[in-house]
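Q: For what it's worth, full-length UniProt numbering labels the leading residue of the sequence shown as 1, then goes sequentially. Quick one: the structure is below, questions incoming.
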Amino acid sequence: MFPTLFPLGIGGFEDSRCKPSVSLESHAKHLLDTANCSFRYHYFFSFVVLNMIQRRKAHLHTSLSIKSSCFHSVAPALLSVHPNVLNNLANSMQDEYNPTLLTPEEKDALFLLKEVNTILAKIPGSQASKVQTRHEICSYFSHFGLPTLFFTFNPSATHSSVFQVIYGNHDIDLDCDVPALPNTCSEFFADDIAKDPVAAADFFEFMRICMFSDLFGWDFNKSKSKDQGGILGKLRAHYG
Numbered sequence: 001m002f003p004t005l006f007p008l009g010i011g012g013f014e015d016s017r018c019k020p021s022v023s024l025e026s027h028a029k030h031l032l033d034t035a036n037c038s039f040r041y042h043y044f045f046s047f048v049v050l051n052m053i054q055r056r057k058a059h060l061h062t063s064l065s066i067k068s069s070c071f072h073s074v075a076p077a078l079l080s081v082h083p084n085v086l087n088n089l090a091n092s093m094q095d096e097y098n099p100t101l102l103t104p105e106e107k108d109a110l111f112l113l114k115e116v117n118t119i120l121a122k123i124p125g126s127q128a129s130k131v132q133t134r135h136e137i138c139s140y141f142s143h144f145g146l147p148t149l150f151f152t153f154n155p156s157a158t159h160s161s162v163f164q165v166i167y168g169n170h171d172i173d174l175d176c177d178v179p180a181l182p183n184t185c186s187e188f189f190a191d192d193i194a195k196d197p198v199a200a201a202d203f204f205e206f207m208r209i210c211m212f213s214d215l216f217g218w219d220f221n222k223s224k225s226k227d228q229g230g231i232l233g234k235l236r237a238h239y240g
């Protein structure tokens, strides 16, 4: 698929010659974190790989649920519906369909869509996964109580010397109290972020870990607050 990234077909995903075997997701993360920036600089590699991972998880981790009282009536209808009917119904719904123009088979399929719930909680980025994350955070509130302080943490990589070092600019001295950025306009910094989104994600993760570790005193290795605590004392819990 990417002849410039995998010359002669060597080093590709899920190669049977690779011992031990490596999963697609782990292999993709490794390639995006290597010193060879050709993978993260490629225009389509990260998008294609993410699409492959999401499609695979959608096929493997998608399940259907219905009410137990409706199971005996819905299950036979679900097994008898034809894929072409579902495709026609999907096209009609995309074009702002008129329910009165649907065929009897399409009406039965539409009834099934209302009775059957799709569970996608294990697929990253899906609405179900976001709802599950929200419920997990709310369970923290039930156990530990509501937080008394809320703040938004959104570090900007555009004017950050730390991001420039992660990006590969070794002319910046982070040992200085106020590291000086290159004498270029912000448009060039924005181009660096667009060119290497992996470095931008690493920058945000690095800043998040530093903030909770150094300011709030959270020990990520032990998953608990440090003995000395942080600027707000000891944290009882951390989600993320």
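All residues carry an ideal CB built from backbone N, CA and C; glycine is no exception.
(1) With a 10 Å radius around its C-beta and 16 neighbouring C-beta atoms as the bar for buried, classify D177 as buried or exposed.
(2) Would you say the region 218–227 touches the region 199–207, given that touching needs at least three Cβ pairs under 8 Å?
(3) Taking the alpha carbon of L110 as the point to measure from, which residue in P83, R134, G125, K130 has its own alpha carbon closest?
(4) Take L215 as the anchor and find which of L232, N51, K195, P99 has the nearest alpha-carbon.
(5) Say yes only if the C-beta of I66 is nearer than 6 Å to one or more non-hydrogen atoms of the ligand ADP, and no if none qualify.
(6) My understanding is that E106 touches L89, with C-beta atoms under 8 Å, so please give their C-beta distance in whole angstroms.
(7) Under 8 Å by Cβ, that's how I've got S92 and L102 pegged, so tell me the actual separation to the nearest angstrom.
(8) Check the DSSP bridge columns for I231 and list the partner residues they point to.
(9) Just grab the DSSP bridge partners of L64 for me.
(10) Helix, strand or coil for D219, going by three-state DSSP, please let me know.
(11) Would you please state the rounded distance, in angstroms, between the beta carbons of H159 and L181? I believe it to be under 8 Å.
(12) Hey, out of Y140, I137, V81, K122, whose CA is closest to L113's CA?
(13) Determine, using beta carbons only, whether A35 comes closer than 7 Å to chain B.
(14) What is the rounded straight-line gap between the Cα of K195 and the Cα of P104?
(15) What residue from R55, V49, P147 has the CA that sits closest to A28's CA?
(16) Excluding the 5 residues flanking T62 on each side, which residues of the same chain have their C-beta closer than 8 Å to its C-beta?
A: Put simply:
(1) Looking up residue 177 in the sequence shown gives position 177. Counting Cβ neighbours within 10 Å, D177 comes out exposed, since fewer than 16 surround it.
(2) no
(3) As a working note, residue 110 is residue 110 in the sequence shown. Cα-wise, what sits closest to L110 is P83.
(4) In the sequence shown, the residue the question calls residue 215 occupies position 215. When each option's Cα is compared against that of L215, the closest is L232.
(5) Ligands displayed in this structure: none; no statement on the ligand ADP is therefore possible.
(6) Within the sequence shown, the letter at position 106 stands for residue 106. Within the sequence shown, the letter at position 89 stands for residue 89. With a Cβ gap of about 5 Å, E106 and L89 count as contacting.
(7) On the sequence shown, position 92 is the one that residue 92 refers to. On the sequence shown, position 102 is the one that residue 102 refers to. Correct: roughly 7 Å between the Cβ atoms.
(8) Numbered from its first residue, the sequence shown carries residue 231 at position 231. BP columns for I231 are empty, so no partner.
(9) Locating residue 64 in the sequence shown gives position 64, where the first residue counts as 1. BP columns for L64 point to T118.
(10) Position 219 of the sequence shown holds residue 219. Residue state, collapsed to three classes: strand.
(11) Counting from 1 along the sequence shown, the entry for residue 159 is found at position 159. Counting from 1 along the sequence shown, the entry for residue 181 is found at position 181. Right, their Cβ atoms sit about 7 Å apart.
(12) The residue labelled residue 113 in the question sits at position 113 within the sequence shown. The shortest Cα separation from L113 among Y140, I137, V81, K122 belongs to V81.
(13) No chain B is part of this structure, which consists of one protein chain only.
(14) What you label residue 195 is simply residue 195 of the sequence shown in a count that begins at 1. What you label residue 104 is simply residue 104 of the sequence shown in a count that begins at 1. If you take the alpha carbons of K195 and P104, they lie about 52 Å apart.
(15) Within the sequence shown, residue 28 is the residue found at index 28, counting from 1. Per the Cα distances, V49.
(16) Position 62 of the sequence shown, counting from 1, holds the residue named residue 62. Here the set comprises T118, I119, L120, I123.
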